[in-house]
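Student: Residue numbers (the numbering used here): 254 to 607.
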């Protein structure tokens, strides 16, 4: 009797263990995948079954859905840099979603979203150094001048509201022996998500070329005859480094989808600049016979003020992941001394994921 009880207990234990071994571990997690169809629709979920003709995908927002294998373009593992919003919709792994044409928004460059950009005037690269901190460098095709870029993103509890601060610090490089320098420091407010958003920015710009200008020293200088029978005032000249141009700056920029593979982009910048310039005015003095006797030079130095508005509407095309192309039909308008001058500044750039 005891032998039968022991045998029954052992048999039950073996059967239970075998059944347990066939079940998935409680802490195992089925691998998420990203399924892209030929019409550009992207779904994220777990493949429940695949019979060769269609797959059964279990998604978080739609539940279980069947997708014909003939409609599937790609199936890849769900990456760490991929995101799903609160509604369960997939947010594409777009490494260029933090950038407009020239300005940036307050959204962070996430891990795995480092990118480079080739413009007609030169290259630039940007890297994510922490969750909400990124750095980059911009230059021209002759590697001078060059600019360092730093941005801190400040998320809020509302995923559609983000703040940020940024800094550009530049040098003229080997041009003018590194004497030129400048910077732009600004704050940002971004409303929206990575696919569609608008950003308001305000900052302060200062730029100095490091060059010098020569000017005549103010005073009265008698005219003396020279060896050729003419008259020439002996006027001393001085040199002075040109002052920095300083300007509060403002920007409104945004992006909105124009399809599964393209977006409308709008960028803008407005400056109210002033720069101290040394200048002189010459005044000729004549005697009663109409002969030039002296030259008086007065100091007419002061601040030169002007404003500039740059509008940059454009379109971005992204036909494959990790690559994009955009073109902007920019225009520049300069307001100075009651005059308005405008000129076009079209440009294009190429993005690529690093």
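All residues carry an ideal CB built from backbone N, CA and C; glycine is no exception.
Because the structure is a prediction, the values reported are computed rather than measured.
Nearest to residue 623 by alpha carbon, out of 420, 522 and 374?
Tutor: Past the boundaries of the shown model lies residue 623; the chain is included only from 254 to 607, so the question cannot be answered.
Student: Any contact between the stretch 401 to 412 and the stretch 321 to 330? By contact I mean 3 or more CB pairs, one from each, below 8 angstroms.
Tutor: With a cut-off of 8 angstroms, the stretch 321 to 330 and the stretch 401 to 412 do not count as touching, because too few Cβ pairs lie within range.
Student: Please classify residue 594: is it buried, with 16 or more other beta-carbons within 10 angstroms of its beta-carbon, or exposed?
Tutor: Result: exposed.
Student: Tell me the rounded alpha-carbon separation between residue 306 and residue 316.
Tutor: For residue 306 and residue 316, the distance between alpha carbons rounds to 20 angstroms.
Student: Helix, strand or coil, according to DSSP, for residue 315 in the structure here?
Tutor: Note: residue 315 maps to coil in three-state DSSP.
Student: Whose C-beta lies closer than 7 angstroms to the C-beta of residue 330 among residues of the same chain, with five residues either side of it excluded?
Tutor: Once the five neighbours on either side are set aside, the close Cβ partners of residue 330 are 284 and 286.
Student: When DSSP builds the beta bridges, which residues end up paired with residue 301?
Tutor: Answer by DSSP bridge pairing: none, since residue 301 is not bridged.
Student: Rounded to whole angstroms, what's the CA-CA distance from residue 560 to residue 490? Just pull it up for me.
Tutor: Near 31 angstroms, if we compare the C-alpha coordinates of residue 490 and residue 560.
Student: My output table needs one value for residue 373: the three-state DSSP class, helix, strand or coil.
Tutor: Reduced to three states, the DSSP call for residue 373 is coil.
Student: Does residue 431 come out as helix, strand or coil in the three-state DSSP assignment?
Tutor: In the structure shown, residue 431 sits in a helix (DSSP, three-state: H, G or I).
Student: Alpha carbon to alpha carbon, how far is residue 557 from residue 290?
Tutor: Rounded to whole angstroms, residue 557 to residue 290 spans 58 angstroms at the Cα level.
Student: Quick check on the burial criterion: 16 or more other C-beta atoms within 10 angstroms. Buried or exposed for residue 543?
Tutor: Exposed, because fewer than 16 other Cβ atoms sit within 10 Å of the Cβ of residue 543.
Student: Would you tell me roughly how many angstroms separate the C-alpha atoms of residue 638 and residue 467, rounded to the nearest one?
Tutor: The structure shown does not extend to residue 638, since the chain is modelled only from 254 through 607, so no value can be given for it.
Student: For my contact list, residue 296 and residue 309 are in at a C-beta cut-off of 8 angstroms; report their separation, rounded to the angstrom.
Tutor: Wrong, their Cβ atoms sit about 12 angstroms apart, outside the cutoff.
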